[in-house]
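Q: Take this structure, written in structure tokens, and hold onto it; I'll ask about it next.
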Amino acid sequence: MADKEFVKEIADIESDFTQWYTDVILKTELVDYGPVKGTMVIRPYGYEIWEYIQKELDERIKLTGHKNAYFPLFIPESFLQKEAEHVEGFAPEVARVTHIGQEPLAEALVVRPTSETIICDMYSRWIQSYRDLPLLINQWANVVRWEKTTRPFLRTSEFLWQEGHTVHATEEEAIEETIKMLQVYQDFLKEVLAIPVLAGKKSPKEKFAGAVDTYSIEAMMKDGKSLQAGTSHYLGQNFSKAFNIRFLDKDGVHKYAYQTSWGVTTRLIGALIMVHGDQRGLVLPPKVAPIQAIIIPIAAKKPEVMQKCEEVLNALKAAGIRAQIDSSDASPGWKFNEYEMKGVPLRIEIGPRDIQNGIAMVLRRDTLTKIEIKLDSLAQEAKALLDTIQTDMYNKADDFLRSHITVVSNLQEMEAAIQNKHFALSMWCGDRACEDLVKEKLQATSRNMPFDQTPCGDKCAVCGKEAKHKIYWGKAY
RNA sequence: CGGGGUGUGGUGCAGAUGGUAGCACGCUUGGUUCGGGACCAAGAGGUCGCUGGUUCAAAUCCAGUCACUCCGACCA
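Numbered per our numbering, the first sequence spans residues 6 to 482.
So, in structure tokens, the structure goes:
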């Protein structure tokens, strides 16, 4: 894992980004490949990142009035078949359980690819009256989708996620919820993961199977590709009609309810890596870094060094910083590289020379700059520095995103933009045929239509017909 | 499902015209080190993916099979 070739291997980040990505996650021990093809084992270091993501996001989901619950992993196959578009969307990738031991089952069970159906079945029993609404429930769970090709965090046969499922009495309220949760995601990515996103509505071609409208947040990776980082669906009455979720309204009339669902996954970890990472490996935003500051003793055998390190550790912990000392007998140089690779935001070097001078050498992982900090104010300074790193990382990523968007008005410009690793922003007529053409010619897809629809032209950039929407295009993971 | 590649200690690889396996890193033990991936010494660890065939003899040649992987079509 700690091989000298590593830095060389990822040195050319531009030319082989996907290779770099895989190397980083394996060598930093975030994940391992599972024994079954396409499965991933999230190692403790990677899982810890997920735990911080979970904790921070869960808090925000609860603040918006949702409660957590848990629904079964196995779903009767017939449930999936109740919503026509939904079946079609998921059929090729569901894992089916047909036997228990040697006994065939009367009806196959599917391992949930998403939980709309089983949750709706329960909701139909729970909801009788408008007084039962809105029903706002979230679940943290794993789901299974047997994709043909897989990549750790981005696309695996099994992944962890959060899925919210809400039920409302009116269309307006459900749409409001859909957009509110998208906003929660956008804020979360900005404030916690330091990732800027483009929020908007998906084209019908790209929407979720079974939804009326799908909204997404799209993040830009360092290779210019787009990663759909979160989705929020307005389901309308599609599922309430299929599952008979009706309530008696104030006016005494039975009505079908309006629903939403929204989710983010362990894919967010993939986004973190590809948005912030550099030639030396991971760069983690302090808020989700399992270790926020690593103390490296120099000449650790000298008793005064370890003693000073312990003092500093205690001060950092008292200041609420997740800090550790690496007192293993690896050489300092080895440790420097190790923790840079793992993306630890701050490295604090303490050696005999520093102790004499009453300072410590501190390295910022995001900028790789070294700073001398007085030992007696280290904890406060480190705390402030972590906040600075958090916002600087967002600003840097935001500058990158903004400078990699090109407004285009025809297919040639769009091609140039995409080849230049930019997102293209254009007007669009709304026809599926134009999306298909872009896919065929540029291997790019429509990303989403921003909420701000201020026109940037009046003709569709693909076919030249009258435009109806403003939309982002890009290559995607 | 179409095209390419690879299977050899934990990891990455080398083994040309067949002669029963070697290197680097890692690991273990002891010592010297420690301010950018330290050094010395001594160790442990492999029936070469699997099956069959050719041969006195197969990691090596032949056939089959399985697995993994990269590139295209589908997806959070």
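Cβ atoms here follow ideal geometry from the backbone N, Cα and C, with glycine treated the same way. A quick note: this is a predicted structure, and the numbers were derived from the prediction, not measured.
1) What are the boundary residues of the beta strand (DSSP E) that Gly205 is part of?
2) Does the segment 434–441 touch the segment 458–475, meaning 3 or more C-beta pairs lie closer than 8 Å?
3) Could you check whether the segment 191–210 touches the segment 82–101, counting it as contact only if at least three pairs of C-beta atoms, one from each stretch, sit closer than 8 Å?
4) Can you give me the start and stop residues for the beta strand (DSSP E) that Phe79 sits inside?
5) Is the segment 266–286 in contact with the segment 382–389, if contact means three or more CB pairs nearer than 8 Å?
6) Thinking just about the alpha-carbon of each residue, which of Lys475, Thr44, Val269, Glu343 is nearest to the one in Tyr190?
7) Of the residues Leu114, Glu90, Leu110, Val92, which one's Cα is nearest the Cα of Ala100?
8) Please work out which residues of its chain come closer than 8 Å, Cβ to Cβ, to Ser333, disregarding the five sequence neighbours upstream and downstream, and give them in chain order.
9) Quick check on Asp17: does DSSP put it in helix, strand or coil?
10) Identify every residue that forms a DSSP beta bridge with Trp433.
11) In chain order, which continuous runs of the beta strand (DSSP E) of length 3 or greater are located wholly inside the segment 301–384?
12) Please report how far the alpha carbon of Gln144 lies from the alpha carbon of Phe95, in whole angstroms.
13) With DSSP run on the structure shown, which of helix, strand or coil describes Ala298?
14) Assign Pro302 to one of two classes, buried (16 or more other C-beta atoms within 10 Å of its C-beta) or exposed (fewer than that).
15) Which class does Tyr220 belong to by DSSP, given the choice of helix, strand or coil?
16) What number of angstroms, rounded off, separates the C-alpha of Leu273 from the C-alpha of Leu390?
17) Does the beta carbon of Val172 fall short of 6 Å from some heavy atom of the ligand SAH?
18) Are there 16 or more other CB atoms within 10 angstroms of the CB of Pro77, so buried, or fewer, so exposed?
19) Whose C-alpha, out of Lys87, Val149, Ser221, is nearest the C-alpha of Phe456?
20) When DSSP labels each residue in this structure, what does Asn425 get in the three-state scheme?
21) Residue range of the beta strand (DSSP E) that Gly241 falls in?
22) Short check: CB of Val349 to CB of Ile299, under 7 Å?
23) Ala365 and Asp371: beta carbons closer than 7 Å?
24) To which residues does DSSP link Phe252 through a beta bridge?
25) Are Tyr477 and Leu416 close, meaning C-beta to C-beta below 7 Å?
26) Just to confirm, is the Cβ distance from Thr119 to Val92 under 7 Å?
27) Looking at the unbroken alpha helix (DSSP H) that takes in Ala113, where does it start and where does it end?
28) When you compare the segment 212–229 with the segment 177–189, are there three or more beta-carbon pairs, one atom per stretch, that lie closer than 8 Å?
29) For Tyr38, list the residues DSSP reports as bridge partners.
30) Three-state secondary structure (DSSP) at Asn453?
31) How big is the Cα-Cα spacing for Met419 and Thr27?
32) Who are the Cβ neighbours of Ala422 in its own chain at under 6 Å, not counting the five residues just before and after it?
33) The beta strand (DSSP E) with Phe164 in it runs from where to where?
34) DSSP three-state label for Gln395, please.
35) In terms of residues, what are the limits of the alpha helix (DSSP H) holding Val29?
36) With H, G and I counted as helix, E and B as strand and the rest as coil, what does DSSP make of Leu198?
A: Taking the geometry as given:
1) 203–206
2) yes
3) no
4) 79–81
5) no
6) Val269
7) Leu114
8) Lys340
9) Note that Asp17 scores 47 on pLDDT, short of 50, meaning its location in the model is unreliable; the coordinates nonetheless yield the value given after this. It is coil, neither helix nor strand.
10) His474
11) 328–330, 351–355, 364–369, 375–379
12) 20 Å
13) strand
14) buried
15) strand
16) 24 Å
17) Of the ligands one can find in the structure shown there are none, so the ligand SAH has no counterpart to examine.
18) exposed
19) Ser221
20) coil
21) 231–241
22) yes
23) no
24) Lys260
25) no
26) no
27) Element bounds for Ala113: not the alpha helix (DSSP H) but the beta strand (DSSP E), 108–116.
28) yes
29) Met45
30) coil
31) 29 Å
32) Thr411, Val413, Ala429
33) 163–173
34) helix
35) 22–32
36) coil
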